[in-house]
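93 is the number that the UniProt record's numbering gives to position 93 of the sequence shown; each next residue is one higher, with no gaps.
Below: the structure, in structure tokens.
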Amino acid sequence: MTLMSTTTGTVKWFNDEKGFGFIAQENGPDVFAHFRQIKSDGFRSLAEGQQWFNDEKGFGFIAQENGPDVFAHFRQIKGDGFRSLAEGQQVRFKVTQGQKGPQAEEIELI
Numbered sequence: 001m002t003l004m005s006t007t008t009g010t011v012k013w014f015n016d017e018k019g020f021g022f023i024a025q026e027n028g029p030d031v032f033a034h035f036r037q038i039k040s041d042g043f044r045s046l047a048e049g050q051q052w053f054n055d056e057k058g059f060g061f062i063a064q065e066n067g068p069d070v071f072a073h074f075r076q077i078k079g080d081g082f083r084s085l086a087e088g089q090q091v092r093f094k095v096t097q098g099q100k101g102p103q104a105e106e107i108e109l110i
């Protein structure tokens, strides 16, 4: 029988390339966390600065105020742990020319 409960904790570390890490519980041992267990909406509509971002695939597009939409990959989002873009977040980024069009680099959440 599997014991399941809901609790809170803090991400201790997470390896984006391998897709797993550990969560430190407030009261209890650290818990293994695999990226497939992270609840997300997957493909979702975004507003004010973003067209959409797919957490499962790790990419999406950012809408520029003046210019074409820009490809955004999770590896270009500055920060530790699980890197994603959420609905309504404002971002600052550099636009470079990729093989298939403009892409965002050094994405910062502001």
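We treat Cβ as the ideally placed atom computed from N, Cα and C, and that holds for glycine.
With burial defined as no fewer than 16 other Cβ atoms inside 10 Å of the residue's Cβ, what is the status of residue i: buried or exposed?
i: G21; result: buried
i: D30; result: exposed
i: A33; result: buried
i: A24; result: exposed
i: Q103; result: buried
i: G67; result: exposed
By DSSP, does residue i sit in helix, in strand, or in coil?
i: Q103; result: strand
i: Q76; result: helix
i: residue 111; result: In the structure as shown, the chain begins at 1 and stops at 110. Residue 111 is therefore absent and cannot be evaluated.
i: E108; result: strand
i: N54; result: strand
i: Q64; result: coil
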